[in-house]
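Mapping to our numbering: the sequence shown position 106 is 166, numbers consecutive. Just so you know, even glycine gets a beta-carbon here, dropped at the ideal spot from N, CA and C. As the structure is a prediction and not an experimental result, all values here were calculated from the model. Comments concern the structure below.
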Amino acid sequence: MAERQMDTETMLGALNDIRLPAEAAGGQVAEMLVAAGAGLALAWLVALLVTASRRGVQATTPSLAVRIDALRELPAAERSVALLHLARDEGIALPAVASLYGAGEFPRPEEIEAQLRDGQGTHA
Numbered sequence: 061m062a063e064r065q066m067d068t069e070t071m072l073g074a075l076n077d078i079r080l081p082a083e084a085a086g087g088q089v090a091e092m093l094v095a096a097g098a099g100l101a102l103a104w105l106v107a108l109l110v111t112a113s114r115r116g117v118q119a120t121t122p123s124l125a126v127r128i129d130a131l132r133e134l135p136a137a138e139r140s141v142a143l144l145h146l147a148r149d150e151g152i153a154l155p156a157v158a159s160l161y162g163a164g165e166f167p168r169p170e171e172i173e174a175q176l177r178d179g180q181g182t183h184a
């Protein structure tokens, strides 16, 4: 009877290496599919975390009025150019701007601003 009894160390050592033989159904193909599935699940979780973190960071674009007010500190010539760029970026056509140009003159920023604020411009 003593021969049949195993000590604890021998029994645990024998249990650690229990595996299906490579010739078993599925074998290494099944192991590769499980590894690929685990990799895809991990990639999906990472993508989910990245998109969730980006949603919280997205900046809101200030309104047109706020963007116009931010240009008030610029000199007149630079302000006119900045307002025209703002109209272009917003897709607003200012048909009356052509009438603001004089011979060798640049349109005054107050007139461009008035057209932007009054909504005389049309979205292109």
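Can you check DSSP and say which residues form a bridge with residue i?
i	result
I172	According to DSSP, I172 bridges with nothing at all.
Is the separation between the beta-carbon of residue i and that of residue j shorter than 7 Å?
i	j	result
L143	E171	no
P167	A136	no
R127	L154	no
Indicate the three-state DSSP secondary structure (helix, strand or coil) for residue i in the structure shown.
i	result
E133	coil
T70	helix
A85	coil
S140	helix
S185	It is not possible to answer for residue 185, since the shown part of the chain is limited to 61 through 184.
M92	helix
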